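With full-length UniProt numbering applied, the sequence shown corresponds to residues 1 to 204, in that order.
For each residue, glycine too, the CB sits at the ideal point set by N, CA and C.
In this text the structure is predicted, and so the values were computed from the model without any measurement.
Okay, so here's the structure we're looking at.
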Amino acid sequence: MANSYELKAQVRERAGKGAARAARREGLVPAVIYGDKKEAVSINLPLKEATMTLHKGGFLSHVGTIDLNGEKTSVIAKDFQLHPVKDTLMHVDFLRVSADATLTVEIPVKFLNEETSPGLKRGGVLNVVRHTVEMTVPATAIPEAIEVDLAEADLGSSQHISAVKLPAGCAPTITDRDFTISTIAAPAGLKEADEASEEGEGEE
C-alpha cells in the first residue's frame, strides 16, 4: 500500500510520564504503536518532522510508515495531543495497519459545482451540516474526500448521504438513516419577501 508519509523513530526504553517529559526536553515526541495482535511499542519521534506531518492535514485519515531502526511498520494515527501554546505535538497513538485491514476514519466532504448551483446563484447559503463523514474504508484505498455535487441543488434542497457516489469498499458508519450532509438555505431577504407575499395572498 502506498503510504503518505514516513517518520523515523527510536524505541523508548522507559515508559511513564517521567520518560515522556525527558523525551520532550530532547526535542522528541513520545508515541506508542499498538494493535494487529502485537505488543504495544513505546517510541520517540523527531518533533519537527512529526509536527510538520500533522500540519500537512489528513493526519488521522492517512496511512503512514514508522521506520523503527530500519523496521518499517504501516500505521494510522488514532489520537494525538498538542501543546496548548506552541501547537506542537506532545504525544501520538498509532494503530498498526495491515494491507487487508478495514479502518474507521473521518473523511472530509468536498463540494463540487457550487458556481453552477441554482440555489447558490439565487443568493442561497450553503449550510454544511457535516464537514466530515465517519466511514469504514479499505486501508489500501482511503479516499481523500467524498464529493457532494451541487450542480442541481436549488433553494430549500438538502444533500443526503444516499445521493453521494461513494468509492468502492467505503461505507458510512451511520446506517440507520439517510443523514443530511448540507442544505441550501434561502437568503434572509428572499425569505422575508416570500412571507410578505404569502401574507398578502391570505388577506385577499
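The beta strand (DSSP E) with Leu103 in it runs from where to where? Here the beta strand (DSSP E) through Leu103 covers 102-112.
Counting only the same chain and skipping the five closest in sequence on each side, list residues whose C-beta sits under 6 Å from that of His183. The amino acid at residue 183 is misidentified as His; the sequence shows Thr. If we look at Thr183 and ignore the five residues flanking it on each side, its Cβ neighbours are Asn127, Ser158.
Pair every Cβ in the stretch 38-54 with every Cβ in the stretch 83-95, then say whether three or more of these pairs are closer than 8 Å. Touching, yes.
Three-state class that DSSP yields for Arg96 in the structure shown: Strand.
Do Thr173 and Arg130 have their CB atoms nearer than 9 Å? No, the pair does not count as a contact, with Cβ atoms beyond the cut-off.
What ranges does the beta strand (DSSP E) occupy inside the stretch 25-106, keeping only unbroken runs of at least 3 residues that lie completely in it? 28-35, 38-46, 63-68, 71-82, 89-96, all fully within the stretch 25-106.
If we count the other Cβ atoms within 10 Å of its Cβ and call it buried at 16 or more, is Pro84 buried or exposed? Answer is exposed; the Cβ neighbour count stays below 16.
Return the bridge partner residues of Asp149 from the DSSP annotation. In DSSP, Asp149 forms a bridge with Leu112.
Please report the straight-line C-alpha distance between Gln10 and Ile142, rounded to a whole angstrom. Their Cα atoms are separated by approximately 28 Å.
Is the beta carbon of Ala77 sitting closer than 9 Å to the one on Phe59? Against a cut-off of 9 Å, the Cβ pair of Phe59 and Ala77 comes out as a contact.
First and last residue of the beta strand (DSSP E) that includes Pro118? Residue range 118-121 is occupied by the alpha helix (DSSP H) that includes Pro118, with no beta strand (DSSP E) assigned at that position.
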